[in-house]
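Beneath this line is the structure, given in structure tokens, with notes to follow.
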Amino acid sequence: MNKIGIIGAMDLEVETLKSHLTSENITEKAGMRFHEGLLNGTPVVVVRCGIGKVNAALCVQILADIFGVTHVINTGVAGSLNPQLDIGDILISKDALHHDMDVSALGYPLGMVPQMNCLEFAADPRLMELAKASCERVCSDVHALFGRVLSGDQFISSDAVKNRLIELFHGDCTEMEGASIAHGACLNGLPFVIIRAISDKADGSATLNYPQFEKAAAEHSARLVEDMVAYI
Ligand code: ADE
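As numbered in the working numbering, the sequence shown has no gaps in its residue numbers, which increase by one up to the final residue, 1568.
Written out as structure tokens, the structure is:
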């Protein structure tokens, strides 16, 4: 039977989902609260992992080992790297990579984790299609794209850094957990998708725009996820 692990980094990314769970059971592990129950009739575990790649990776491993999840979805907000993605729009991952992994001094391409045989972690095509269909059903007024998620332990808020990320990695959005969730899901043989609503443009306006738009953006992504789990 399917059990879907749903990860958000911050409370506001998972609070609506948690409040819609039925028959909830809470387990604490590694400082995270795992909320197990039914969402839209589907068995899920909803968890706030905290910010950054280490928290995200730990969280995936706990979902795999202790909760035996069959699929992983990451919901949340991101900074846009693509002029076609405006604040409030949604990016559904095609793939994800670590923009802050650099072993280029030993000949590895920027972003590649040595000894992994891929640069980018590919999202599950079926979960991608389900996410798009849910977006059309429940966020029909929201513009959604498939694209590349770049993750690093940095909040991106300058044109120079943003442009470098676009040039080097051709990313569509940037955040701080997705590639770790993708990486952990791949190592555990779990299909995954990352769904991120745009809260800012990852440029000089990001620190002003982010607090203003994060809540509405997080809700777009969560609404989509809640619909989607019933179709997996
Ligand atoms: N999450 C939302 N906006 C972001 C940004 N600009 N950089 C990193 N993570 C983010």
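Every residue gets a Cβ at the ideal spot worked out from N, C-alpha and C, and that includes glycine.
- Under DSSP, Val-1408 forms a beta bridge with Gly-1341, Phe-1528.
- In this chain, the alpha helix (DSSP H) harbouring Ser-1355 covers 1347-1355.
- Taken in chain order, the complete beta strand (DSSP E) segments of 3 residues or longer contained in the region 1372-1436 are 1378-1384, 1407-1416, 1426-1434.
- Its chain contains Leu-1433, His-1435, Leu-1446, Gly-1447, Arg-1484, Leu-1486 as the residues whose beta carbon lies nearer than 8 Å to that of Phe-1505, once the 5 sequence neighbours on both sides are disregarded; these appear in chain order.
- Residue pairing by DSSP places Met-1368 opposite Lys-1365 in a beta bridge.
- The region 1385-1398 and the region 1493-1504 do not touch, with fewer than 3 CB-CB distances between them shorter than 8 Å.
- The region 1479-1522 is shown to contain whole alpha helix (DSSP H) runs of 4 or more residues at 1495-1505, in chain order.
- In the displayed model, Glu-1456 falls within coil according to three-state DSSP, outside both helix and strand.
- Assigned with DSSP and collapsed to three states, Ala-1469 falls in helix.
- For the pair Leu-1560 and Tyr-1546, the Cα-to-Cα distance works out to about 21 Å.
- Checking the 7 Å criterion, the Cβ of Glu-1511 is within range of a heavy atom belonging to the ligand ADE.
- Under DSSP, Ala-1538 shares a beta bridge with no residue.
- For Ala-1441, no pairing in a beta bridge is given by DSSP.
- Straight through space, the alpha carbons of Val-1405 and Ile-1398 are spaced by roughly 9 Å.
- From the listed residues Pro-1461, His-1556, Asn-1418, the smallest Cα separation to Glu-1472 is found for His-1556.
- Between the alpha carbons of Gly-1344 and Ala-1515 lies a gap of roughly 13 Å.
- If you compare the alpha carbons of Thr-1543, Gln-1490, Met-1464, Val-1565 with that of Ile-1530, the shortest gap goes to Met-1464.
- Between the region 1451-1469 and the region 1534-1551 there are fewer than three inter-stretch CB-CB distances shorter than 8 Å, so the stretches are not counted as touching.
- The ligand ADE has no heavy atom closer than 7 Å to the beta-carbon of Phe-1505.
- With a cutoff of 8 Å on beta-carbon distance, Asn-1376 and Ala-1566 are scored as near each other.
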